[in-house]
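Heads up: the sequence shown runs through residues 1165 to 1321, numbered per the working numbering.
Each residue gets a CB set at the ideal place from its N, CA and C atoms; glycine is no exception.
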Amino acid sequence: FDNVLPNQALENYFCAVKQDDSNNAKFRIVELLQNLEMWQLGTDFLAKTSKTYYKTYYFIALQMVHFQKYKEAIALFTKASEMNPYFRAAKFHKAECLTQIQHFEEARSIYSSLLAFDMNNQLFKMSMIQLHQVIGDFSNYQLESNYVITAVDRYIH
């Protein structure tokens, strides 16, 4: 496989996944296409997925985020969350979109609920800290600064 060109690798992947015609197989293709920034092909694949599955709405929402259509993405992330209330990724990305359109309190509420569920999730913590900085809430500045310094230190060492 060392001499395989990217287009050949993609075609081989599509062929392998076509044998498994499930929604999950289609989502693996869409995820790959999104990572390769092949957004239109991702949209085409999503059109073939079931609208009764929460991940369909999630991946379409990610497409909307890429095109900076945050309000549409929020509605789709909401739909995915309603269909699967335990799907935290949809809630997290919804909070990111809410931050983008300056609905800070709603974003804070979502981050708080995510942190209440998983207090050790570094992505959730860092996102909340960034939100606090954006809105100028420095009430926990010392604690949050120490957390960031510790996280960076762990990453470096």
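The C-beta distance from residue 1286 to residue 1315 rounds to 6 Å, short enough to fall under 8 Å. Along the stretch 1210-1273, the alpha helix (DSSP H) occurs as fully enclosed runs of 4 or more residues at 1218-1230, 1234-1247, 1252-1264, listed in sequence order. Pairwise C-beta distances place the stretch 1209-1222 in contact with the stretch 1232-1251, as three or more of them are shorter than 8 Å. Cβ neighbours of residue 1281 within its own chain (closer than 8 Å, five residues either side excluded): 1252. Residue 1205 and residue 1310 have their C-alpha atoms spaced approximately 43 Å apart.
Here DSSP, grouped into helix, strand and coil, assigns residue 1201 to coil.
Bounds of the alpha helix (DSSP H) holding residue 1290 are 1286-1299. Taking a 10 Å sphere around the C-beta of residue 1257, we find 16 or more other C-beta atoms and assign the residue as buried. Residues 1234 of the same chain have their beta carbon placed closer than 6 Å to that of residue 1265, with the five preceding and five following residues left out of the count. Between residue 1290 and residue 1279 a beta carbon distance of about 11 Å is seen, past the 8 Å cut, so the two are scored as non-contacting.
Between the C-alpha atoms of residue 1317 and residue 1199 there is a straight-line separation of about 28 Å. Listed in chain order, the non-local C-beta contacts of residue 1271 below 7 Å within the same chain comprise 1259, 1262, 1263, 1295, local neighbours out to five positions each way being set aside.
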